[in-house]
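Protein chains in written order, with our numbering: chain G, 1 to 316; chain X, 1001 to 1226. All C-beta atoms in this analysis are idealised placements derived from N, C-alpha and C, irrespective of residue type, glycine included.
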Amino acid sequence: MLARIVYNLLQVAVVMGFSPLLAGTINRLKEVVQSKRGPSLLQPYRDIWKFFHKDEVISEQSSWIFRFTPYVVFTAPVFVTLLIPVLTSYPLFLAFMGDMLGGGFVLALAGFFATLAAVDTANPYGPMGASRTRLVGFLAEPVFMIVFFTVSFVAGSTIPYIVQQQWVQPLSNFFEPAHVLILLAFFMLILAEGGRIPVDNPSGHFELAMIDESKSLEYSGPAAALMKWGGEMKLFVLICIFLNVLLTPWGLAGSTALSEVLLAIPLVMLKVFIFALVLIIVESSLAKLRLFRISEFLGAAFIISVAAMISWLFAI
Amino acid sequence: MNPTSFLPQLNALAGGLFLLCTFGMVATRQVQGCMRFFIWQSIFLASSAFLLGVHPVVWDLLAVAAINLINKPVLIPWLLRKTVPEEVYTRREIDQALNIPISLLIALGLVIAAYVITAPLLRIPAGPSVGVNLPIGLAALLLGAYTLTVRREAVPQLLGLLAMENGAFFTSIAIAPELHLFVELVVAFDVLIAVFVIGVLTRALQEHIGTTNVGSLAALKEESAP
């Protein structure tokens, strides 16, 4: 019992500790693809460190929501980390506290607060980005729903630890067309939710075009650090769900031995690194979509997820 | 584990990707993209035929796979490149009667319809892969017909026609694996000729009118003698 509590906390530590590294890796490799040298891998850590040591400026016009939001944005991915398999293939202490739908709700709560905070300061770019985020969000919602319901229908459960066993036992389940289509739809969902390139440009600093970035424009000092760190953790958590629940539930610790759990950390990081490579290929080879084309992108994701559902329902 | 037990699964996977490519043909805006999706669709068709024919070995299916692999992903695009002028490909936006999200939703409805229509047929015991190939082939047929209806550009319309043909093939390789090889050969050459004729026609259109937008060709026009 004690081990499961400790490992649960270890998961949180891994997500908190390695998510800036993931962001740094993606940034660095993207610059390398563009034949530049790029910032150091550790740059996100330095950014966060620097932000924590700076003064904070808060508009007098803003309400408590603006001050409260960074904590919500920071803690939501931490809560979700408690629910999903990051290092182990068996349920940890808090695994049954909430299912995947619960995790989705917690992340949506953070998005809700970030939207409110962006509107709060009356900076002209904040509400614009916030409304665009809502646009992407409500188009992504049906995809999330269908993917989630198909996955839990197949597994007969909504707990991610149980779902992850389903697609690889027997191994031929892995090649099920429903599975492949679900993977594709979820990948497109990650691109949309994580603000990656066909939907949003994460490294663009052009205010009129930005979607995700503009919500945290008004933040400074420690609050900015929390927002930045929270965003990085959210991407890491989404990738963990994708890799450990849906795509490759291998390399996770099977027993409660400490050595095995520690060995799982580099294996998981290797998987995340390979995913980052795929992400970089996608980001470097596509152009950002025009705003009103996003509905087509996510519409395609929706169609794919429904096709997955149909092919599962009828192929019995 | 016996590796042949994976074959039906892999065939199902090829079917899923085949369906996905057909969706892509409906969804894409560019002639180039439409062509690329068609090429992939044909490759998945060939791989499905290969997977169905490899164990137990059915030479007809393997021949179908080979014919398809040569004919559709290689010969037809090459022929279209040769006959249709370059301007048609460089045009990025395809004119459509409906916008993309709506036509995707209609496409989805067609796929569901295909599954619902074929469900009673599948109660009859048949080969192992009919359950995959019959509904997906029918869906590709319907989607091809839909593309043909909704697109107003000559080359994507042709590709819609070819997608219909691919769908019919996709069904037939599971239902009638012993279909005579001659039929396959005849169809393959027929398709090639059709592509050639339409390609030449498109070229003439492009040269005379400067557009291949067949949707706007509603009125007769007298051509002045040169």
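Checklist entry - Which residues, in order along the region 230-250 of chain G, keep a beta-carbon less than 8 Å from a beta-carbon of chain X? => result none
Checklist entry - Is L1161 of chain X closer than 8 Å to L1143 of chain X when the C-beta atoms are compared? => result Residue mapping note: residue 1143 of chain X aligns to position 143 of the second sequence, counting from 1. Residue mapping note: residue 1161 of chain X aligns to position 161 of the second sequence, counting from 1. Between L1143 of chain X and L1161 of chain X, the C-beta spacing is not below 8 Å.
Next on the checklist: Between G:L2, G:P160 and G:L286, which has its C-alpha nearest L238 of chain G's C-alpha?
Outcome noted: Residue 238 of chain G sits at position 238 when you count from the first residue of the first sequence. That would be G:P160, whose Cα lies nearest to the Cα of L238 of chain G.
Next on the checklist: For G98 of chain G and L83 of chain G, what's the separation of their Cα atoms in angstroms?
Outcome noted: Looking up residue 98 of chain G in the first sequence gives position 98. Looking up residue 83 of chain G in the first sequence gives position 83. Between G98 of chain G and L83 of chain G, the C-alpha separation is close to 6 Å.
Checklist entry - Can you name the residues of chain X whose CB is closer than 7 Å to the CB of V306 of chain G? => result As a position in the first sequence, residue 306 of chain G is number 306, starting the count at 1. By Cβ distance, chain X contributes L1108.
Checklist entry - What three-state label does DSSP hand A1188 of chain X in the structure shown? => result The sequence position of residue 1188 of chain X within the second sequence is 188, counting from 1. Helix.
Item to check | Entirely enclosed alpha helix (DSSP H) segments - the region 123-166 of chain G, minimum 4 residues | outcome: Residue ranges of uninterrupted alpha helix (DSSP H) with 4 or more members, entirely inside the region 123-166 of chain G and ordered along the chain, are 125-155 and 160-166.
Checklist entry - Do the CB positions of I1100 of chain X and R1151 of chain X come within less than 8 Å of each other? => result Numbered from 1 along the second sequence, position 100 holds the residue referred to as residue 1100 of chain X. Numbered from 1 along the second sequence, position 151 holds the residue referred to as residue 1151 of chain X. Result no, Cβ atoms of I1100 of chain X and R1151 of chain X do not sit closer than 8 Å.
Checklist entry - Would the beta-carbon of A225 of chain G fall within 8 Å of that of F51 of chain G? => result Working through the first sequence from its first residue, we reach residue 225 of chain G at position 225. Working through the first sequence from its first residue, we reach residue 51 of chain G at position 51. Taking 8 Å as the Cβ cut-off, A225 of chain G and F51 of chain G qualify as a contacting pair.
Next on the checklist: Within 10 Å of its beta-carbon, does K228 of chain G have 16 or more other beta-carbons around it, so buried, or fewer, so exposed?
Outcome noted: Numbered from its first residue, the first sequence carries residue 228 of chain G at position 228. Per the 10 Å Cβ criterion, buried.
Checklist entry - Within 10 angstroms of its Cβ, does A1176 of chain X collect 16 or more other Cβ (buried), or is it exposed? => result Working through the second sequence from its first residue, we reach residue 1176 of chain X at position 176. By the 10 Å Cβ count, A1176 of chain X comes out exposed.
Checklist entry - If you check the beta carbons only, do F175 of chain G and F1038 of chain X fall under 8 Å apart? => result Mapped onto the first sequence, residue 175 of chain G falls at position 175. Mapped onto the second sequence, residue 1038 of chain X falls at position 38. Contact: no.
Checklist entry - Going by the beta-carbon positions, is the gap between A114 of chain G and L298 of chain G smaller than 8 Å? => result Along the first sequence, one-based indexing puts residue 114 of chain G at 114. Along the first sequence, one-based indexing puts residue 298 of chain G at 298. For A114 of chain G and L298 of chain G, no; Cβs fall outside 8 Å.
Next on the checklist: Contact defined as beta carbons within less than 8 Å: I believe N1166 of chain X pairs with L1045 of chain X. What is the distance between those atoms, to the nearest angstrom?
Outcome noted: Start at 1 with the first residue of the second sequence, and residue 1166 of chain X comes out as number 166. Start at 1 with the first residue of the second sequence, and residue 1045 of chain X comes out as number 45. About 5 Å; that satisfies the 8 Å criterion.
Item to check | Cβ contact check for the region 1044-1059 of chain X and the region 1075-1088 of chain X: 3 or more pairs under 8 Å | outcome: no
Checklist entry - Along chain X, which residues have their Cβ under 9 Å away from the Cβ of E296 of chain G? => result Residue mapping note: residue 296 of chain G aligns to position 296 of the first sequence, counting from 1. What E296 of chain G touches in chain X: A1027, R1029, N1099, I1100, P1101 and L1104.
Item to check | Listed by chain order, chain X residues near G299 of chain G by CB distance under 9 Å | outcome: On the first sequence, position 299 is the one that residue 299 of chain G refers to. Taking a Cβ-Cβ cut-off of 9 Å, the neighbours of G299 of chain G in chain X comprise A1027, I1100, P1101, L1104 and L1105, given in sequence order.
Checklist entry - Using 8 Å as the Cβ pair cut-off and three pairs as the minimum, do the region 246-258 of chain G and the region 22-32 of chain G touch? => result no
Next on the checklist: Nearest by alpha-carbon distance to V119 of chain G: which of G:V15, G:L277, G:L263 and G:L217 is it?
Outcome noted: What you label residue 119 of chain G is simply residue 119 of the first sequence in a count that begins at 1. Closest by alpha carbon: G:L217.
Checklist entry - Hey, A1154 of chain X and L1138 of chain X are a contact pair by Cβ (cut 8 Å); roughly how many whole angstroms apart? => result The residue labelled residue 1154 of chain X in the question sits at position 154 within the second sequence. The residue labelled residue 1138 of chain X in the question sits at position 138 within the second sequence. About 26 Å separates the two Cβ atoms, so there is no contact after all.
Item to check | Closest residue to F292 of chain G among G:V180, G:V136 and G:Y90 (Cα-Cα distance) | outcome: Position 292 of the first sequence, counted from the start, is the residue given in the question as residue 292 of chain G. When only C-alpha atoms are compared, the closest one is G:V136.
Checklist entry - Under 8 Å between C-beta atoms, does I310 of chain G make it to chain X? => result The count along the first sequence starts at 1 and reaches residue 310 of chain G at position 310. Yes, because at least one Cβ of chain X sits closer than 8 Å to the Cβ of I310 of chain G.
Item to check | Interfacial residues, the region 1110-1135 of chain X to chain G, with Cβ spacing under 7 Å | outcome: V1111, I1112, Y1115, A1119, G1131, V1132 and P1135
Checklist entry - In its own chain, which residues sit with a C-beta less than 6 Å from the C-beta of H179 of chain G, not counting the 5 before and 5 after it? => result Locating residue 179 of chain G in the first sequence gives position 179, where the first residue counts as 1. Around H179 of chain G: W167.
Checklist entry - Where in the region 1118-1201 of chain X do unbroken runs of the alpha helix (DSSP H), each at least 4 residues long, occur, reported from the N-terminal end onward? => result 1130-1150 and 1154-1175
Checklist entry - Hey, would you say A1014 of chain X sits closer than 8 Å to S1047 of chain X, going by beta carbons? => result Residue numbering aside, residue 1014 of chain X sits at position 14 when the second sequence is read from its first letter. Residue numbering aside, residue 1047 of chain X sits at position 47 when the second sequence is read from its first letter. Contact flag set, yes.
Next on the checklist: Taking beta-carbon pairs under 7 Å, can you tell me which members of the region 169-181 of chain G lie near chain X?
Outcome noted: Residues passing the 7 Å Cβ filter: S172, F175, E176, P177, V180 and L181.
Item to check | Cβ of F314 of chain G within 8 Å of any chain X Cβ | outcome: Your numbering for residue 314 of chain G matches position 314 in the first sequence. Yes, because at least one Cβ of chain X sits closer than 8 Å to the Cβ of F314 of chain G.
Item to check | Cβ contact (3+ pairs, closer than 8 Å) linking the region 127-136 of chain G and the region 208-217 of chain G | outcome: yes
Checklist entry - So does the region 257-269 of chain G actually touch the region 149-164 of chain G, counting three or more Cβ pairs closer than 8 Å? => result no
Checklist entry - Are A364 of chain G and L107 of chain G touching if we call contact CB-CB under 8 Å? => result Coverage of chain G is limited to positions 1 through 316, which leaves residue 364 of chain G absent and any answer about it impossible.
Next on the checklist: Are there any heavy atoms of the ligand GTP lying less than 7 Å away from the beta-carbon of T133 of chain G, as far as the coordinates show?
Outcome noted: Absent from the structure shown: the ligand GTP. Ligands present: none.
Checklist entry - To the nearest whole angstrom, what separates the beta carbons of A203 of chain G and V33 of chain G, a pair I think is in contact under 8 Å? => result In the first sequence, the residue the question calls residue 203 of chain G occupies position 203. In the first sequence, the residue the question calls residue 33 of chain G occupies position 33. According to the sequence displayed, residue 203 of chain G carries Ser and not Ala. Between V33 of chain G and S203 of chain G the Cβ distance is about 12 Å, and since that is not below 8 Å, they are no contact.
Checklist entry - So, is G1210 of chain X buried or exposed, given that buried needs 16 or more other C-beta atoms within 10 angstroms? => result Counting from 1 along the second sequence, the entry for residue 1210 of chain X is found at position 210. Per the 10 Å Cβ criterion, exposed.
Checklist entry - From what residue to what residue does the alpha helix (DSSP H) around P1008 of chain X run? => result For the purposes of this step, residue 1008 of chain X is taken as the residue at position 8 of the second sequence. That run of the alpha helix (DSSP H) goes L1007 to A1027.
Next on the checklist: Between which two residues does the alpha helix (DSSP H) holding G111 of chain G run?
Outcome noted: Translated into positions along the first sequence, residue 111 of chain G becomes position 111. Run containing G111 of chain G: M100 to D120, per the alpha helix (DSSP H) assignment.
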